[in-house]
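A.B. asks: Using UniProt numbering, read the sequence shown as starting at 1 and increasing by one per residue.
Ideal Cβ placement from N, Cα and C applies to all residues, glycine included.
Remember, it's a predicted structure, so these values are computed and weren't measured experimentally.
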Amino acid sequence: MTSTNDIRRSFLDYFGGSGHRIVPSAPLVPQNDPTLMFVNAGMVPFKNVFTGLETRPYSTATSSQKCVRAGGKHNDLDNVGYTARHHTFFEMLGNFSFGDYFKEQAITHAWTLLTREWGLPADRLTVTVYHTDDQAADLWKKIAGLPDQRIIRIATKDNFWAMGSDGPCGPCSEIFYDHGDHIPGGPPGSPDEDGDRFVEIWNLVFMQHVQEADAIIGDLPRPSIDTGMGLERVAAVMQGVHDNYDTDTFKALIAASGALTHTATTGETQASHRVIADHLRCSGFLVADGVLPANEGRGYVLRRIMRRAMRHAHLLGGAKGNGGEPLMHRLVPALVSEMGAAYPELVRAQPLIEATLRQEETRFRQTLDKGLKLLDEATAGMRAGDTLPGETAFRLYDTFGFPYDLTEDALRAQDLGVDRAGFDAAMAEQKRAARAAWKGSGAKASDELWFDIAEEVGATEFTGYASDVGEGVVLALVRDGARVDQAAAGEQVDVIVNQSPFYAESGGQVGDAGSIAGDGGLAATVTDTSKQLGKLWVHHARVDAGAIKVGDTVKLAIDLTRRAAIRANHSATHLLHEALRQKLGTHVVQKGSLVAPERLRFDVSHPSAMSAAELAEAEAAVNAQIRANGTVETRLMTPDDAIAMGAMALFGEKYGDEVRVVSMGSDDAGATYSIELCGGTHVRALGDIGVFKIIGESAVSSGVRRVEALTGEAARAYLNARDEKLREAAATLKTTPDDVPARVATLMEERRRLERELAEAKKALALGGGAGADTPGPESVNGIGFVGQVLDGFEAKGLRGAVDDAKARVGSGVAVMVAVNEGRASVAVGVTDDLLGALNAVDLLRRAVAELGGQGGGGRPDMAQGGGPDGSKAAGAVAAVRAALEQVSQPA
1 MTSTNDIRRS
11 FLDYFGGSGH
21 RIVPSAPLVP
31 QNDPTLMFVN
41 AGMVPFKNVF
51 TGLETRPYST
61 ATSSQKCVRA
71 GGKHNDLDNV
81 GYTARHHTFF
91 EMLGNFSFGD
101 YFKEQAITHA
111 WTLLTREWGL
121 PADRLTVTVY
131 HTDDQAADLW
141 KKIAGLPDQR
151 IIRIATKDNF
161 WAMGSDGPCG
171 PCSEIFYDHG
181 DHIPGGPPGS
191 PDEDGDRFVE
201 IWNLVFMQHV
211 QEADAIIGDL
221 PRPSIDTGMG
231 LERVAAVMQG
241 VHDNYDTDTF
251 KALIAASGAL
261 THTATTGETQ
271 ASHRVIADHL
281 RCSGFLVADG
291 VLPANEGRGY
301 VLRRIMRRAM
311 RHAHLLGGAK
321 GNGGEPLMHR
331 LVPALVSEMG
341 AAYPELVRAQ
351 PLIEATLRQE
361 ETRFRQTLDK
371 GLKLLDEATA
381 GMRAGDTLPG
391 ETAFRLYDTF
401 GFPYDLTEDA
411 LRAQDLGVDR
421 AGFDAAMAEQ
431 KRAARAAWKG
441 SGAKASDELW
451 FDIAEEVGAT
461 EFTGYASDVG
471 EGVVLALVRD
481 GARVDQAAAG
491 EQVDVIVNQS
501 PFYAESGGQV
511 GDAGSIAGDG
521 GLAATVTDTS
531 KQLGKLWVHH
541 ARVDAGAIKV
551 GDTVKLAIDL
561 TRRAAIRANH
571 SATHLLHEAL
581 RQKLGTHVVQ
591 KGSLVAPERL
601 RFDVSHPSAM
611 SAAELAEAEA
621 AVNAQIRANG
631 TVETRLMTPD
641 DAIAMGAMAL
651 FGEKYGDEVR
661 VVSMGSDDAG
671 ATYSIELCGG
681 THVRALGDIG
691 VFKIIGESAV
701 SSGVRRVEAL
711 TGEAARAYLN
721 ARDEKLREAA
731 ATLKTTPDDV
741 PARVATLMEE
751 RRRLERELAE
761 AKKALALGGG
771 AGADTPGPES
781 VNGIGFVGQV
791 LDGFEAKGLR
801 GAVDDAKARV
811 GSGVAVMVAV
821 NEGRASVAVG
831 VTDDLLGALN
841 AVDLLRRAVA
851 ELGGQGGGGR
861 PDMAQGGGPD
871 GSKAAGAVAA
881 VRAALEQVSQ
891 PA
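The structure is reproduced here in structure tokens:
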């Protein structure tokens, strides 16, 4: 049997050997198409090449592209697990020509690979062409020798491809494999074409026309080829099975699921194992490409996929017999074993994938049982074909975290539907109620104030990229939450001007500080600058002299020293981000930051604490870029163009029609070191940062780590202060700074030796009848040997040894020792072995502890220890044990 990995390799080798550039799969998060949630086809990474927006150093290419279809119009989630060929994650094999070859060579390549290289029987292959594409039909006859009845003309859009309503388009030719007449279904274009007998395995797209508003207006000057073959489908064909889930990769994952859950993988549990196998692949690759579970956007799609699989794991009893351990993360090694060789990012991200799945499943299981109980109650008495009210589905979503499609999937086995319209209505009502509550809380009044100002004066124009000073007209003043016409000396006021060089706090960078000056002796200090509604710059100021009035023309100047420090710290965060990604893996994604003049704080996704060595390497990488003193370049462009050039965008950030791309540094190969979309302020050359020093690393939340660092003067001052402290320590220790560690180690060992000697001396002094020894000698109590002592200042950890010594002195009997330190007492009681049948140290201890005001304590019949808060009753504790011995009945 030819393995899936062999098929992938064979495909790439064939086209690579035919002069195509083998291009690695792009990440699942689109880098050049913000209209897509995930890459869902092999051509997506080449979209700008096809449209002419991008050129590459090759004219033909081949790839095995990771794809996800689980959101938007391309959504296969509902059917996954219940059909033979639906998946959320799949691989698309493809060959591409960017104006190089066209139909004849594309068809030749396809037929040669399928029939000669892979040996598929030609009589099992049928093709379709667009109904007007005579050229393609003739080529299939010429190259493959196919008869007319196996070249089917299709007049629908299924055989015509377009890149939107405007742009390249062209007819398609699809290749179908006939699984045999034992499978229901007919050929494409027939009334029963939806059956499973004829399965499309390859689609050849002939890009030859240009269209506008869905109308063809001409031909492309350089026709191109885009093909796509589902690896899972062709693997099924080549492995002689009809169902994708019976191929080697899926069989391995399903077997692992069955083994861990101790359940059969066929019969009534088959769908659950298939859902788990498919969703494991999708979840693993998404996490490896930087997507983490969240409540919106890509992260929410991932959470829906994970939770759907986790419900099926729950159905299988995945945690039973494993100490309640979640299932999904334990399947990751099987995934990495099957696909890690082809996709090394899985290997690199394996710890993150496992930690993310485990955390998500643990979290979801806390509410899963309760939600399923509510679902059972809501559907009790319902019959097949009935519909669950949308309000109930929304409650499951809102209270128990059940995505709508999870509820839909849970009811599938009972043939019950869900009222989607009712669900949407309940969602809308909740949002309306939330808005009303927000308005009623008073917070909305403030927003309404800023809305009114924005509608009246428009947005603030930011001039601070090009200039540190500027002039502006005062458009509005706000004091104590209300608009005012002026503010006098001594008053705090928020100032809105038409244009400003002050940076308003956003993207983690703090707002600028500085000054405002004007006619009439106006002088005001700006302590901070913030942003309202994303477009109003609000200067938080204190009027020091004169007065400021609406309509005034004022001069604005930022604090240059403070801005320079902020610039250095912001550029350093970009360098740190790239250094961490290169050191720890591309799963490292920014989760938050603080860029202030005195320090920087950078939060990233990473499952565990970073080692000292990892931090040191990241710090060294940043300082290497600083020493190289590369320039920092900023360019304004559309988001599409920015992402196309490789800029790192933060998902969840809102980008307008124009974005600012910041590029800095270079790697050993001369490529740009860091490219990010960023609206902040930066140094002009990396040498302006001076020096970079990491001063701390800690946890922020599960899966998020925080790195804190200093740059420039702050870093120099920090290092100087540490150097001075080291010199002070060396002087105190009478050694050199280099020898401080060895000197400290010697002193610590000396201290430990002296502490041991002191403890022995204290013990000898206490037990030898010196100060603090109340009853130095053995005595007889009710015929039982007895030693009882109060040891002031004696350490509790030495009591057992003291009791053992006393037991040796008394020979046969009981020893009780009470140590008193800082008002508290610790007590130990020992009984010699010959009396263990009649006496128990634990029982005697309880008498002593009660006298000391304590509770509990424990040990063995021959030795027990406890304590209490009242050290003044130490002698009473000894007496309590003595009294207990007096009550012991002696044998006649």
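If I'm right that D158 touches T126 with Cβ under 8 Å, what's the distance once you round it to whole angstroms?
C.D. replies: Not confirmed; about 14 Å, so no contact.
A.B. asks: By DSSP's criteria, E448 is part of a beta bridge. Which residues make up the other side?
C.D. replies: The partner list for E448 (beta bridge, DSSP) is empty, contrary to what the question assumes.
A.B. asks: For R222, which residues in the same chain have their Cβ closer than 8 Å to its Cβ, ignoring the five residues on either side in sequence?
C.D. replies: Excluding five sequence positions before and after R222, the CB atoms of its chain that fall closer than 8 Å to its own CB belong to F98, G99, given in chain order.
A.B. asks: Within 10 Å of its beta-carbon, does K591 have 16 or more other beta-carbons around it, so buried, or fewer, so exposed?
C.D. replies: Buried is the call here.
A.B. asks: Can the beta-carbon of S63 be found less than 8 Å from the beta-carbon of L292?
C.D. replies: No, the pair does not count as a contact, with Cβ atoms beyond the cut-off.
A.B. asks: Is the CB-CB distance between V781 and A838 below 8 Å?
C.D. replies: Note that the C-beta distance between V781 and A838 is not below 8 Å.
A.B. asks: May I ask you to report which of helix, strand or coil DSSP gives A277?
C.D. replies: A277 falls in the helix class under three-state DSSP.
A.B. asks: What residues in its chain sit with their C-beta under 7 Å from that of E851, if we drop five residues either side in the sequence?
C.D. replies: Take E851, set aside five residues on each side of it, and the residues of its chain with a beta-carbon closer than 7 Å to its own are K873, G876, A877, A880, in chain order.
A.B. asks: Where are the beta strand (DSSP E) runs, 3 residues long or more, that stay fully inside the region 56 to 144, in chain order?
C.D. replies: 60 to 68, 89 to 97, 125 to 130
A.B. asks: Once DSSP output is grouped into helix, strand and coil, what is the label at C169?
C.D. replies: strand
A.B. asks: In angstroms, rounded to a whole number, what distance separates the CA positions of A883 and D792?
C.D. replies: Distance between the alpha carbons of A883 and D792: 22 Å.
A.B. asks: Provide the residue span of the beta strand (DSSP E) that contains residue 893, from first to last.
C.D. replies: The structure shown has nothing for residue 893, since the chain only spans 1 to 892.
A.B. asks: What are the complete beta strand (DSSP E) segments, minimum 3 residues, inside the region 638 to 708?
C.D. replies: 659 to 666, 672 to 677, 692 to 701
A.B. asks: Is A541 near V526, with beta carbons less than 8 Å apart?
C.D. replies: By the CB criterion at 8 Å, A541 and V526 fall inside the cutoff.
A.B. asks: Using the Cα positions of D192 and E200, report the straight-line distance between them to the nearest angstrom.
C.D. replies: If I take the Cα positions, the gap works out to 15 Å.
A.B. asks: Between the C-alpha atoms of V347 and D843, what's the straight-line distance to the nearest angstrom?
C.D. replies: 59 Å
A.B. asks: In this structure, how does DSSP classify H539 when only helix, strand and coil are distinguished?
C.D. replies: strand
A.B. asks: What do you reckon, are the CB atoms on Q239 and D226 nearer than 8 Å?
C.D. replies: no
A.B. asks: Quick one: residues in its chain with C-beta nearer than 8 Å to the C-beta of Q414, no 5 flanking neighbours on either side, listed in chain order?
C.D. replies: Closer than 8 Å at Cβ, skipping near neighbours: T379, M382, A384.
A.B. asks: Measuring alpha carbon to alpha carbon, tell me which residue in A122, P121, W140, D123 is nearest Y130.
C.D. replies: W140
A.B. asks: From this set, Y82, F394, F364, which residue's C-alpha is nearest A425's C-alpha?
C.D. replies: F394
A.B. asks: For T711, which of F692, R722, G696 has the nearest alpha-carbon?
C.D. replies: Comparing Cα-Cα distances from T711 to each of F692, R722, G696, the minimum goes to F692.
A.B. asks: Give me whichever residues DSSP pairs with T736 in a beta bridge.
C.D. replies: Answer is none; T736 lacks a bridge partner.
A.B. asks: Give me the DSSP bridge partner(s) of I496.
C.D. replies: Beta-bridge pairing links I496 to A476.
A.B. asks: Measuring CB to CB, does H587 end up less than 8 Å from A334?
C.D. replies: no
A.B. asks: Buried or exposed for E822, going by 16 or more other Cβ atoms inside 10 Å?
C.D. replies: exposed
A.B. asks: For M1, does the count of other Cβ atoms within 10 angstroms reach 16, so buried, or fall short, so exposed?
C.D. replies: exposed
A.B. asks: Relative to the alpha-carbon of D13, which residue among M427, L113, T83, F46 has its alpha-carbon at the smallest distance?
C.D. replies: Comparing Cα-Cα distances from D13 to each of M427, L113, T83, F46, the minimum goes to L113.
A.B. asks: Between which two residues does the alpha helix (DSSP H) harbouring D528 extend?
C.D. replies: Where D528 is concerned, there is no enclosing alpha helix (DSSP H), although the beta strand (DSSP E) it sits in stretches over 522 to 532.
A.B. asks: Using 8 Å as the cut-off, can you tell me whether the region 592 to 600 makes contact with the region 620 to 636, which would need three or more C-beta pairs spanning the two stretches below that distance?
C.D. replies: No, they do not touch.
A.B. asks: Would you identify the three-state DSSP class for G19, choosing helix, strand or coil?
C.D. replies: Here G19 sits in coil by DSSP.
A.B. asks: Can you tell me whether V493 is buried or exposed, with buried defined as 16 or more other CB within 10 angstroms of its CB?
C.D. replies: With 16 or more Cβ atoms within 10 Å of its Cβ, V493 is classed as buried.
A.B. asks: Check whether the region 446 to 453 and the region 500 to 512 touch, using three or more Cβ-Cβ pairs below 8 Å as the test.
C.D. replies: no
A.B. asks: Do the region 365 to 380 and the region 391 to 407 make contact, defined as three or more Cβ pairs closer than 8 Å?
C.D. replies: With the cut-off at 8 Å, the region 365 to 380 and the region 391 to 407 touch.
A.B. asks: Kindly indicate the opening and closing residues of the alpha helix (DSSP H) around Q509.
C.D. replies: Taken as a continuous stretch (DSSP letters only), Q509 belongs to no alpha helix (DSSP H), as it is neither H nor E.
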